Ligand code: NAD
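Numbering (my numbering), first residue to last: -6 to 325.
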């Protein structure tokens, strides 16, 4: 059984080749993303394995069908880049990895908070240049601060537990309340009340029509002046232009993002020798109180092992018509 991978980096190969010792698939790796430009060059294969920025639209799927593809395996949770109806029409099955190490993402949100607050990235460079002054490094004590968490699913719940452990007062907003979190002292409230009361706001809800630009010029002005905003979920939750204005007039005190509205053509690439045409990203990176990481919150050894294990189990179960070990992974 052959799986053809797209958008692969050395770490994908390393983890999948190691994980495959227990499965015995034959692999073909492409570094390029999947799209109309490459699909005709793909050799016949039983399954394809794709990531967040691969384009698996109806045209691509109809050519994949001619190549004998029976399974489309996403090695991520989101599936907005796959035309599920077209896959169904061509009798292909589509699966994903619904949850992998939510703690990895929650811990990265904490890393963004601590770095922005205590400025360890600046201190590191300063000390290396033998400047031992503390000017400009003043932070605040997290204990006792109010942290607002929007979306308390797998990742948001883990993040709530971390922040309770840090001694923070935790407010939450979700369409479903989690009683386990309430018993830890987390208080559910409206989105407006959460934004008005929190010193730090962290976004952990999915990107959907209702949550698109959840953070906009109106909601930014509900926030406390100087509040910190953290987004490790999806870039489209934040209206980038509104956030830039709020940073310029100092309404927003800090911004930590692992995801960006227009990240598709930028993240997961080395553009160090290129001119980046995205003025909004360049403007964001010019603020001293903004920290951008390039969609790395999931990127831990444990999460990659989980992604590998679940993806290969999904493909094996579907190709061999066995009951799925991860039934919640099946989309079509
Ligand atoms: P999840 O499905 O377990 O939780 C999402 C929560 O959001 C649910 O509790 C849901 O009820 C809630 N929600 C839905 N609509 C809402 C709304 N309008 N207002 C408030 N809450 C709402 O998902 P998860 O595994 O916790 O992942 C959360 C998000 O994190 C994903 O959507 C994904 O975009 C992102 N993510 C990012 C990375 C990364 O590396 N940066 C990795 C994995 C996931």
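By construction, the Cβ of each residue, glycine as well, lies at the ideal position given by its N, Cα and C atoms.
None of the values given here were measured: they were computed from a predicted structure.
- Residues of the same chain with a CB within less than 6 Å of the CB of residue 184, apart from the 5 flanking positions on each side, are 166 in chain order.
- The alpha-carbon separation between residue 131 and residue 102 amounts to approximately 20 Å.
- In the same chain as residue 141, and ignoring 5 residues on each side of it, the C-beta atoms closer than 6 Å to its own belong to 164, 187, 191 and 194, in chain order.
- Following the DSSP letters along the chain, one finds residue 157 inside the alpha helix (DSSP H) bounded by residues 147 to 158.
- In the structure shown, the three-state DSSP call for residue 171 is coil.
- Nearest C-alpha to residue 53 among 300, 75, 70 and 38: 75.
- Taking the C-beta atoms as reference points, residue 44 is found nearer than 9 Å to residue 68.
- Residues 89, 90, 91, 92 and 93 of the same chain have their beta carbon placed closer than 8 Å to that of residue 70, with the five preceding and five following residues left out of the count.
- Going by C-alpha positions, residue 214 is about 55 Å away from residue -6.
- Looking at 136, 176 and 226, the one whose alpha-carbon comes closest to that of residue 144 is 226.
- Here the C-alpha atom of residue 189 lies approximately 20 Å from the C-alpha atom of residue 250.
- Note on the region 45 to 96: whole alpha helix (DSSP H) runs with a minimum of 4 residues are 51 to 59 and 77 to 82, in chain order.
- With a cutoff of 8 Å, residue -4 does not count as near the ligand NAD, since its C-beta is closer than that to no heavy atom of the ligand.
- Distance from the CA of residue 261 to the CA of residue 134, rounded to the nearest whole angstrom, comes to 34 Å.
- A direct Cα-to-Cα measurement between residue -4 and residue 63 gives close to 10 Å.
- Residue 39 sits close to residue 61, with the two beta carbons spaced by under 9 Å.
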